[in-house]
Amino acid sequence: MTLDTETVRDWLEENFSEGIKNSAIGSDQRKEWTKRLATIGWTAPHWPKEYGGGGLSFQEHVVLLKEMQKVGASIPDGGMGMGLIGPTLLEYGTEEQKLRHLPRIVRREVRWCQGYSEPGAGSDLAGLSTRAVLDGDNYVINGQKIWTSGANHADWIFALVRTNPDAPKHDGISLVLIDMDQPGVTVKPIRLISGESPFCETFFDNAIATKNDLIGKPNHGWAIGKRLLQHERSGLSGMGAEGATASKKGSQEYHLARLAKKYVGESTDGKIADPAFRNEVIQQRLNQLSLELTLNRVREENASGKTLGEITSIFKLLGASQGKKNTSLQVQLMGSNGTGWEGDGFTQAELGATRSWLGSRAGSIAGGTNEVQLNIIAKRVLGLPD
Numbered sequence: 094m095t096l097d098t099e100t101v102r103d104w105l106e107e108n109f110s111e112g113i114k115n116s117a118i119g120s121d122q123r124k125e126w127t128k129r130l131a132t133i134g135w136t137a138p139h140w141p142k143e144y145g146g147g148g149l150s151f152q153e154h155v156v157l158l159k160e161m162q163k164v165g166a167s168i169p170d171g172g173m174g175m176g177l178i179g180p181t182l183l184e185y186g187t188e189e190q191k192l193r194h195l196p197r198i199v200r201r202e203v204r205w206c207q208g209y210s211e212p213g214a215g216s217d218l219a220g221l222s223t224r225a226v227l228d229g230d231n232y233v234i235n236g237q238k239i240w241t242s243g244a245n246h247a248d249w250i251f252a253l254v255r256t257n258p259d260a261p262k263h264d265g266i267s268l269v270l271i272d273m274d275q276p277g278v279t280v281k282p283i284r285l286i287s288g289e290s291p292f293c294e295t296f297f298d299n300a301i302a303t304k305n306d307l308i309g310k311p312n313h314g315w316a317i318g319k320r321l322l323q324h325e326r327s328g329l330s331g332m333g334a335e336g337a338t339a340s341k342k343g344s345q346e347y348h349l350a351r352l353a354k355k356y357v358g359e360s361t362d363g364k365i366a367d368p369a370f371r372n373e374v375i376q377q378r379l380n381q382l383s384l385e386l387t388l389n390r391v392r393e394e395n396a397s398g399k400t401l402g403e404i405t406s407i408f409k410l411l412g413a414s415q416g417k418k419n420t421s422l423q424v425q426l427m428g429s430n431g432t433g434w435e436g437d438g439f440t441q442a443e444l445g446a447t448r449s450w451l452g453s454r455a456g457s458i459a460g461g462t463n464e465v466q467l468n469i470i471a472k473r474v475l476g477l478p479d
């Protein structure tokens with residue numbers, strides 16, 4: 094049976110309310126909303142039903158999101174569980190791994206983090222040195238990861254580790270799932286220029302993972318790890334079904350127009366008073382529309398809605414650039430109001446704009462640097478020689 098607009102509207106009318114819409118993240122009302130969605134698989138609409146998902150097609154997923162958007166409803170964030178390790182388990186995991194982890198991700202019962210980068214292995218990720226040594230039925234893990242987003246709140250980490258130090262560096266790597274709640278795992282948050290600490294150092298000191306926690310075959314984790322990065326890059330660029338539902342109302346560009354009229358001024362005909370700023374806001378809107386239209390074209394060419402391989406690097410590159418431009422223009426429009434850090438005289442929105450601008454500087458590094466993306470595009474999308 095195909096999910097149609099009327100079915101979604103009826104369900105939302107019965108299960109969603111203004112109270113839920115206006116409730117705080119983490120409140121009992123939000124938890125109940127998550128439970129209702131998870132009961133019918135709509136926290137993971139496109140995942141197979143046997144693992145707790147909704148079993149929807151890409152088109153049905155878009156219908157669901159559009160109707161939710163109309164009433165101000167949204168699917169609770171599933172973090173790296175939904176965006177990264179979940180799709181990877183669907184593609185490469187054993188049946189036992191899928192049944193163990195995917196339903197818990199659907200119910201939002203577990204939080205995941207990513208253990209890739211190391212102090213000596215960033216852009217050259219294959220140079221990682223964290224070791225996993227097989228001891229009976231367990232892997233004993235020692236080493237350090239860095240820039241581990243949300244590690245201080247995570248229950249599990251999916252990590253690239255070296256299982257064969259004698260093999261060529263790309264060939265001795267495995268992808269393993271590690272329980273964070275054990276004595277051998279230590280996490281230290283890193284304070285950033287924005288004042289926040291979303292990244293952490295993660296240390297493994299004889300940490301344990303079972304043989305059943307390894308994804309795929311031993312020493313074959315590099316290809317799986319790269320595939321996971323494609324999921325990450327598609328998420329960073331907004332390539333999923335969520336991206337297909339972006340509305341003009343509330344978009345970043347219209348937000349910029351509202352900011353311009355508030356801080357720069359509005360002419361009698363409703364336009365941004367300063368023509369230079371007006372042109373910049375319009376240019377940002379055109380850039381975003383161009384990206385959205387290209388995304389839609391690619392989605393139509395791949396109606397299944399799955400991650401689209403190396404082409405995701407193009408959208409990751411463009412998304413990072415667009416994010417930087419948006420936040421830069423935002424603080425420019427605010428003038429001195431966009432330079433606040435703390436104290437009186439600034440609204441929370443103004444203080445947030447400063448931090449967003451600082452945080453956006455990492456967009457060209459996080460998830461793979463722009464230079465790495467350009468190399469991938471040159472070699473694997475355009476087929477250029479080394």
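The sequence shown begins at 94 in our numbering and counts up one residue at a time.
For every residue, glycine included, the Cβ atom is placed at its ideal position computed from N, Cα and C.
What you are looking at is a predicted structure, and each value in this text was computed from that prediction instead of being measured.
When the Cα atoms are used, residue 131 and residue 322 turn out to be separated by approximately 26 Å.
The stretch 299-314 and the stretch 267-277 touch, with three or more beta-carbon pairs separated by less than 8 Å. Close CB contacts of residue 233 within its chain, under the 6 Å cut and outside five residues either way in sequence, are with 226 and 299 (chain order).
Cβ neighbours of residue 312 within its own chain (closer than 8 Å, five residues either side excluded): 256, 257, 260, 264, 265, 266 and 267. Distance from the Cα of residue 458 is smallest, within the candidate group 419, 426, 413 and 438, for 413. Given a length threshold of 4 residues, each whole run of the alpha helix (DSSP H) inside the stretch 402-466 is given here in chain order: 405-427 and 441-453. Under the DSSP assignment, residue 196 falls in the alpha helix (DSSP H) whose first and last residues are 188-199. Going by C-alpha positions, residue 372 is about 11 Å away from residue 364. Beta-bridge partners of residue 282 (DSSP): 293. Taking the C-beta atoms as reference points, residue 446 is found nearer than 9 Å to residue 431.
If the five residues before and after residue 169 are omitted, its C-beta is found closer than 8 Å to the C-beta atoms of 123, 126, 127, 130, 136 and 201, all from its own chain and listed in chain order. Measuring C-alpha to C-alpha distances from residue 210 to each of 204, 222, 199 and 203 identifies 222 as the nearest.
Non-local C-beta neighbours of residue 352 in its own chain, meaning closer than 8 Å and more than five positions away in sequence, comprise 423, 426 and 427, ordered along the chain. The secondary-structure analysis by DSSP pairs residue 298 across a beta bridge with 235.
Only buried fits residue 253, as 16 or more other CB atoms lie within 10 angstroms of its CB.
Spanning the alpha carbons of residue 301 and residue 277 requires a straight line of approximately 7 Å. Taking residue 239 as the centre and dropping the five residues before and after it, the same chain places the C-beta of 210, 211, 212 and 294 closer than 7 Å to its C-beta, in chain order. Per DSSP, reduced to three states, the secondary structure at residue 227 is strand.
In the structure shown, residue 251 falls within a strand segment according to DSSP collapsed to helix, strand and coil.
Bridge pairing for residue 365: 359 [DSSP]. By the 16-neighbour rule on beta-carbons within 10 angstroms, residue 181 is buried. Bridge partners of residue 307 according to DSSP: 269. In the DSSP assignment, residue 162 falls within the alpha helix (DSSP H) that extends over 151-164. Put simply, the stretch 187-196 touches the stretch 142-153. At least three CB pairs are less than 8 Å apart.
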